[in-house]
Amino acid sequence: MDLALAPETLARWQFGITTVYHFLFVPLTISLAALTAGLETAWVRTQKEKYLRATKFWGKLFLINIAMGVVTGIVQEFQFGMNWSDYSRFVGDVFGAPLAFEALIAFFFESTFIGLWIFGWDKLPKKIHLACIWMVSIGTVLSAYFILAANSWMQHPVGYRINEERGRAELTDFWRVLTQDTALTQFFHTITAAFLVGGAFMVGIAAFHLARRKHVTVMRTSLRLGLITVVIAGMLTAVSGDLLGKVMFKQQPMKMAAAEALWDGEAPAPFSIFAYGDVDAGHNKVAVEIPGLLSFLANDDFSSYVPGINDVNKAEQEKFGPGDYRPNIPVAYWGFRWMIGFGMASFSLGMLGLWLTRKKFMLPPALRTGEDEVPNLVLFKNKPLSAKFTKWYWIVSLWTMGFPLIASSWGWIFTEMGRQPWVVYGVLRTSDAVSPGVSQGEVIASMTVFTLLYAILAVIEVKLLVKYVKAGPPELTEADLNPPTKIGGDHADADRPMAFSY
Numbered sequence: 001m002d003l004a005l006a007p008e009t010l011a012r013w014q015f016g017i018t019t020v021y022h023f024l025f026v027p028l029t030i031s032l033a034a035l036t037a038g039l040e041t042a043w044v045r046t047q048k049e050k051y052l053r054a055t056k057f058w059g060k061l062f063l064i065n066i067a068m069g070v071v072t073g074i075v076q077e078f079q080f081g082m083n084w085s086d087y088s089r090f091v092g093d094v095f096g097a098p099l100a101f102e103a104l105i106a107f108f109f110e111s112t113f114i115g116l117w118i119f120g121w122d123k124l125p126k127k128i129h130l131a132c133i134w135m136v137s138i139g140t141v142l143s144a145y146f147i148l149a150a151n152s153w154m155q156h157p158v159g160y161r162i163n164e165e166r167g168r169a170e171l172t173d174f175w176r177v178l179t180q181d182t183a184l185t186q187f188f189h190t191i192t193a194a195f196l197v198g199g200a201f202m203v204g205i206a207a208f209h210l211a212r213r214k215h216v217t218v219m220r221t222s223l224r225l226g227l228i229t230v231v232i233a234g235m236l237t238a239v240s241g242d243l244l245g246k247v248m249f250k251q252q253p254m255k256m257a258a259a260e261a262l263w264d265g266e267a268p269a270p271f272s273i274f275a276y277g278d279v280d281a282g283h284n285k286v287a288v289e290i291p292g293l294l295s296f297l298a299n300d301d302f303s304s305y306v307p308g309i310n311d312v313n314k315a316e317q318e319k320f321g322p323g324d325y326r327p328n329i330p331v332a333y334w335g336f337r338w339m340i341g342f343g344m345a346s347f348s349l350g351m352l353g354l355w356l357t358r359k360k361f362m363l364p365p366a367l368r369t370g371e372d373e374v375p376n377l378v379l380f381k382n383k384p385l386s387a388k389f390t391k392w393y394w395i396v397s398l399w400t401m402g403f404p405l406i407a408s409s410w411g412w413i414f415t416e417m418g419r420q421p422w423v424v425y426g427v428l429r430t431s432d433a434v435s436p437g438v439s440q441g442e443v444i445a446s447m448t449v450f451t452l453l454y455a456i457l458a459v460i461e462v463k464l465l466v467k468y469v470k471a472g473p474p475e476l477t478e479a480d481l482n483p484p485t486k487i488g489g490d491h492a493d494a495d496r497p498m499a500f501s502y
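Positions 1 to 502 (our numbering) are the ones given, in order, by the sequence shown.
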């Protein structure tokens, strides 16, 4: 059978499609929950209408996104029983524990308070209503932590033993699974990257409205919040990425060697800028490198030794038996660079945006008069700017909102592909984890159905987002501005049923 059509290969494609698609919603959900909570906090503290309008606007986009994330997440879990039953049987006792905590604690915690937040605008005192969205935000973070702890165990299995009689891994130390350095550093990196996604999303949409000189008051606030988030998250993502990289160098030397196309160990080891090579021959034909930098990134020592792909492959053959323990080198190498490149592009835009807006550059001066829609005029130190330059600034801001999503997607592709041929590193090979009774045709059929379903969901998601983004922040009602002071409401119509706020 052609390897490209083998059930294992198809099952990996299907899981990859569903996982990457689902992860498009995860970082946006995490970050928008916290940013919306921050805006509502500003409203509760200051009573300024712009913060309440911003809360309702970004909260609506958050709700659309989280709904799609839940749907795609449920579909993703089907994969374990459909195509990866041997994996589920072998690791279920360990892998199932953090996922159970995610469902029983984080997800129900999150879903309960999101219901109160949605329907409680005119029924809950503002501080209790605010607490609900903060609880939702905490729930999204907890959910991410438990899932990342499960994934980290696949990257670096700890706190378990192999039951030879039953032929499976069994949990012995749940606390160690939750607190190992892989889980902590991966969580730090994922959360900071999530806020980079949310900040860029906010910057792009705010730029869209400011370019049209619409909803200026709300969007100016949103733009600044988004830019600050992008800059802080960008710096923390770089720091967390460095920490995670050092952990990976120690735990998965093959993954990091593949990320640098380092075929043979060197001391000092260079950091690759660009490389082109022959995978079968195991060497690079073209290499542009920075001497010693990889050694420093791996061990904080510019002269330290870093093992190469060939070295690690030979060591793993001696430890685990004959075989090829190299991942897909081009995917690992370029995925690592696309992750860094798109992430740094977003950070650079945030830095530029903060500098440009420090004196209301690119922002309509009429904002000082309180107007919400202003003429197409931009001043810098009271001098008109080039309309062409202004136009391109907003266009770049709008399109760059997708860069962190691209970076996050390639980051996960690198993380998972770089671990191959292991599904649980050093314990279970991917070829041994696939469902033995699933045929080629069955996998193709299910992958086709899921891909078409996701395509339909993508169209729905985009249309909903575009519709509500174009509509802009809502106008406020008297009930919005004067929420009840006690639970249940103290307005004349407090006895009416709870209604969906949006």
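All residues carry an ideal CB built from backbone N, CA and C; glycine is no exception.
Between residue 461 and residue 68 a beta carbon distance of about 5 Å is seen, short of the 8 Å cut, so the two are scored as contacting.
Ranked by Cα distance from residue 15, the first of 474, 475, 413 is 413. Ranked by how close their Cα comes to the Cα of residue 149, the residues 139, 97, 11, 463 have 97 in first place. Between the alpha carbons of residue 88 and residue 160 lies a distance of about 15 Å. The Cβ-Cβ distance between residue 290 and residue 322 does not fall below 7 Å. Under DSSP, residue 272 forms a beta bridge with 289.
A direct Cα-Cα distance of roughly 44 Å separates residue 176 from residue 468. Residue pairing by DSSP places residue 162 opposite 169 in a beta bridge. Contact between residue 155 and residue 182 holds, since their C-beta atoms are separated by about 5 Å, short of 8 Å.
Your pair residue 298 and residue 249 checks out as a contact, with CB atoms roughly 4 Å apart and the cut at 8 Å. Around the C-beta of residue 324, fewer than 16 other C-beta atoms lie within 10 Å, and the residue is accordingly described as exposed. Taking C-beta separations shorter than 6 Å and ignoring five residues to either side along the sequence, the partners of residue 95 in its chain run 150, following chain order. Of the residues 33, 342, 471, 316, the one whose Cα lies closest to the Cα of residue 63 is 33.
Straight-line spacing of the CA atoms in residue 343 and residue 167 works out to 42 Å.
Around the C-beta of residue 80, 16 or more other C-beta atoms lie within 10 Å, and the residue is accordingly described as buried. DSSP lists 422 as the bridge partner or partners of residue 429. Within the segment 171–209, the complete alpha helix (DSSP H) segments of 4 residues or longer fall at 174–179, listed in chain order. The alpha-carbon of residue 134 is positioned some 19 Å away from that of residue 103. The beta carbons of residue 421 and residue 430 sit closer together than 7 Å.
The count of Cβ pairs closer than 8 Å, one atom from the segment 219–230 and one from the segment 239–257, stays below three, leaving the stretches out of contact. It is roughly 14 Å from the alpha-carbon of residue 36 to the alpha-carbon of residue 141. Contact between residue 345 and residue 400 holds: their C-beta atoms lie close to 7 Å from each other, under 8 Å. Contact annotation: residue 265 and residue 311 have beta-carbon atoms nearer than 7 Å. Rounded to the nearest whole angstrom, the C-alpha separation of residue 257 and residue 426 is 17 Å.
Residues of the same chain with a CB within less than 8 Å of the CB of residue 406, apart from the 5 flanking positions on each side, are 338, 342 in chain order.
Across the structure, residue 26 and residue 143 are spaced so that their CA atoms are roughly 10 Å apart. Relative to residue 111, the option among 351, 54, 70 whose CA is nearest is 70. Under the DSSP assignment, residue 447 falls in the alpha helix (DSSP H) whose first and last residues are 440–471. Collapsing the DSSP output to three states places residue 475 in coil. Counting C-beta atoms within 10 angstroms of its own C-beta, residue 100 has fewer than 16 neighbours from the protein chains shown and is therefore classed as exposed. Taking the C-beta atoms as reference points, residue 189 is found nearer than 7 Å to residue 244. In the DSSP annotation of this structure, the continuous segment of the alpha helix (DSSP H) that includes residue 53 starts and ends at 49–82. In the DSSP annotation of this structure, the continuous segment of the alpha helix (DSSP H) that includes residue 313 starts and ends at 309–320.
For residue 171, same chain residues with a beta-carbon under 8 Å away, outside a window of 5 residues either side, are 93, 94, 97, 159, 160, 177 in chain order. Only residues of its own chain outside the window of five on either side were considered, and among them 200, 342, 345, 346 have a CB closer than 7 Å to the CB of residue 403, listed in chain order. Rounded to whole angstroms, residue 396 and residue 351 show a C-alpha spacing of 14 Å.
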